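Take the sequence shown: its letters are residues 4 to 305, numbered as in our numbering.
Have a look at the structure below, then the notes.
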Amino acid sequence: MTATLDWYGCATYRLTIGDVVVFLDAYVDRVPGAAGPNPPVKADDIDRADWIVVGHSHFDHLWGAERIAARTGATIIGSHETVRVMEAAGVPLAQLMPVAGGERIELADGLFVSVYPSLHSCVWSHQGMHPVDEVCLGDLFVTHQERQDRMGDLFSYIATLGEDTRNHLRASAQGPRGDGHTLVFLFDTPEGSLLYQDTSGHWSGIVADLRPDVAIIAAAGRGNVDGEPIQGSLAQFVARQAALLKPARVILSHHDNWLPGFSIATDVEPIRTELARWLPRAELAEPGYLDGFEVFAGLRRG
Ligand SMILES: [Zn+2]
Numbered sequence: 004m005t006a007t008l009d010w011y012g013c014a015t016y017r018l019t020i021g022d023v024v025v026f027l028d029a030y031v032d033r034v035p036g037a038a039g040p041n042p043p044v045k046a047d048d049i050d051r052a053d054w055i056v057v058g059h060s061h062f063d064h065l066w067g068a069e070r071i072a073a074r075t076g077a078t079i080i081g082s083h084e085t086v087r088v089m090e091a092a093g094v095p096l097a098q099l100m101p102v103a104g105g106e107r108i109e110l111a112d113g114l115f116v117s118v119y120p121s122l123h124s125c126v127w128s129h130q131g132m133h134p135v136d137e138v139c140l141g142d143l144f145v146t147h148q149e150r151q152d153r154m155g156d157l158f159s160y161i162a163t164l165g166e167d168t169r170n171h172l173r174a175s176a177q178g179p180r181g182d183g184h185t186l187v188f189l190f191d192t193p194e195g196s197l198l199y200q201d202t203s204g205h206w207s208g209i210v211a212d213l214r215p216d217v218a219i220i221a222a223a224g225r226g227n228v229d230g231e232p233i234q235g236s237l238a239q240f241v242a243r244q245a246a247l248l249k250p251a252r253v254i255l256s257h258h259d260n261w262l263p264g265f266s267i268a269t270d271v272e273p274i275r276t277e278l279a280r281w282l283p284r285a286e287l288a289e290p291g292y293l294d295g296f297e298v299f300a301g302l303r304r305g
């Protein structure tokens, strides 16, 4: 039974294990000019899925799940907010499985996913994305209210990015309240275990106890460590999280130029350099778009 990953861009992957298809996030449609598979793929083109796990309720993760679920009959696993938004978008309750962290779900015979609470990147702390090796300091102990104000400024800024972006934001607006609670997923397969994260934040006490063979770690924005912005670079966030998880292989998510004007195409080299410092035995793999990357092939474990 081979496990393969197909990257759809942003943080969305398709995980295929034997004949079971699991979408990791569901954001498939892109604003014109964004990076992604070429030719572009639409959520309406997806005709096979058994499960969709969603890390949080922002449009660049959740939008599309309602159409994939409608076409394929897949069940969506996500936060209670994700489930509320999907129900409002017309997904039958029988295809919605709300979770909060602490659940172990049987996806198929011998295939399980465990859910853990996580944290969103400190998106309130910046307007554009900083280079991955830029050390960012400060912004500590900012109150929730102040963060909300800064998020408002950020959305105002994104709305100035042009007509295509405005249309995209209008089309993808499903009305989530904030990020709706952030989750990470640990897949337990006959081939090995795989962690999936879709935004650069974590509770260090939680990830320190997880031991995936392969970890998909989000690389976008200012990392969030236990509720505060990392005092360091994004590359350091990724490498430090890898050092807690100790996977044999690291794969990135959310690192392409998915929303030009806000996102940037992440330079992977500084991440490779930091990873070599923090977890020298780990390999950094770089699957391309839709290339059927074999998740556990050739792993040096233990
Ligand atoms: Zn988000």
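C-beta: ideal position from N, C-alpha, C; glycine also.
Every value quoted in this text rests on a predicted model; they were computed, and no experiment measured them.
Contact between the segment 15-27 and the segment 126-144 is defined here as three or more beta-carbon pairs at a separation below 8 angstroms; is this criterion met?
No, they do not touch.
Looking at C-beta atoms only, is the number of pairs between the segment 195-212 and the segment 259-269 that lie closer than 8 angstroms three or more?
no
Looking only at its own chain, which residues have a Cβ that is under 6 angstroms from the Cβ of residue 191, when we skip the five neighbours before and after it?
Listed in chain order, the non-local C-beta contacts of residue 191 below 6 angstroms within the same chain comprise 115, local neighbours out to five positions each way being set aside.
Is the segment 249-256 close to the segment 281-294, with three or more CB pairs under 8 angstroms?
yes
With a Cβ-Cβ cutoff of 9 angstroms, do residue 126 and residue 224 count as a contact?
Taking 9 angstroms as the Cβ cut-off, residue 126 and residue 224 qualify as a contacting pair.
Go ahead and pull the three-state DSSP assignment for residue 260.
The answer is coil: DSSP assigns residue 260 none of H, G, I, E or B.
Restricting to runs no shorter than 3 residues, where is the beta strand (DSSP E) found entirely within the segment 31-71?
With a minimum length of 3 residues, the continuous beta strand (DSSP E) runs that stay inside the segment 31-71 are 54-56.
I want to see whether chain D comes within less than 9 angstroms of residue 293, judged by CB atoms only; does it?
Here there is only one protein chain, and chain D is not present.
I'd like the span of the alpha helix (DSSP H) that includes residue 89, first residue to last.
83-91
Pairing CB atoms from the segment 169-185 with CB atoms from the segment 264-280, are three or more of them under 8 angstroms?
With the cut-off at 8 angstroms, the segment 169-185 and the segment 264-280 do not touch.
Go ahead and pull the three-state DSSP assignment for residue 9.
Residue 9 falls in the strand class under three-state DSSP.
Contacts around residue 78, its chain only, beta-carbon distance under 6 angstroms, and the 5 residues preceding and following it disregarded
54, 98, 100
Below 8 angstroms on the Cβ atoms is my guess for residue 2 versus residue 88; work out the distance and round it to an integer in Å.
In this structure the chain extends from 4 to 305, so residue 2 is not present and cannot be described.
I'd like the ranges of any beta strand (DSSP E) spanning at least 3 consecutive residues and lying wholly in the segment 181-251.
Secondary structure within the segment 181-251: the beta strand (DSSP E) runs of 3 or more consecutive residues, fully enclosed, are 186-192, 195-199, 217-221 (chain order).
Thinking C-alpha only, which one of 293, 235, 247, 292 is nearest residue 273?
235
Which two residues bound the contiguous beta strand (DSSP E) that contains residue 267?
Premise fails: residue 267 is in no beta strand (DSSP E) and is neither H nor E.
Let me make sure I understand the geometry here. Which of 221, 32, 282 has the alpha-carbon closest to that of residue 123?
Ranking the options by Cα distance to residue 123, first place goes to 221.
So what does residue 120 bridge to, in DSSP terms?
186
If you measure between the beta carbons of residue 75 and residue 50, is that distance less than 9 angstroms?
yes
Suppose you measure from the CA of residue 241 to the CA of residue 278; what does that come to, to the nearest Å?
8 angstroms
Kindly examine ligand 1 and report whether one of its heavy atoms sits closer than 8 angstroms to the Cβ of residue 63.
yes
For a quick check, are the C-beta atoms of residue 230 and residue 59 less than 9 angstroms apart?
no
Select from 300, 171, 211, 245 the residue whose C-alpha is nearest the C-alpha of residue 283.
245
Can you name, in chain order, every residue of its own chain whose Cβ lies under 6 angstroms from the Cβ of residue 3, other than the five neighbours on each side?
With the chain covering 4 to 305 only, the question about residue 3 has no answer from this structure.
Any chance you could list the beta strand (DSSP E) runs of at least 3 consecutive residues sitting entirely within the segment 97-165, in chain order?
99-101, 107-111, 114-120
Closer than 8 angstroms: residue 205 CB and nearest ligand 3 heavy atom
The ligand content of the structure shown is limited to ligand 1, which means ligand 3 is not among them.
Can you have a look at residue 216 and say buried or exposed, based on whether 16 or more other CB atoms are within 10 angstroms of its CB?
buried
Segment limits, beta strand (DSSP E) that includes residue 17:
From DSSP, the beta strand (DSSP E) with residue 17 extends over 15-20.
If I'm right that residue 44 touches residue 34 with Cβ under 8 angstroms, what's the distance once you round it to whole angstroms?
So it is not a contact: roughly 14 angstroms between Cβ atoms.
Please report the residue range of the alpha helix (DSSP H) in which residue 277 lies.
272-281
Would you kindly work out how many angstroms separate the C-alpha atoms of residue 149 and residue 160, rounded to a whole number?
17 angstroms
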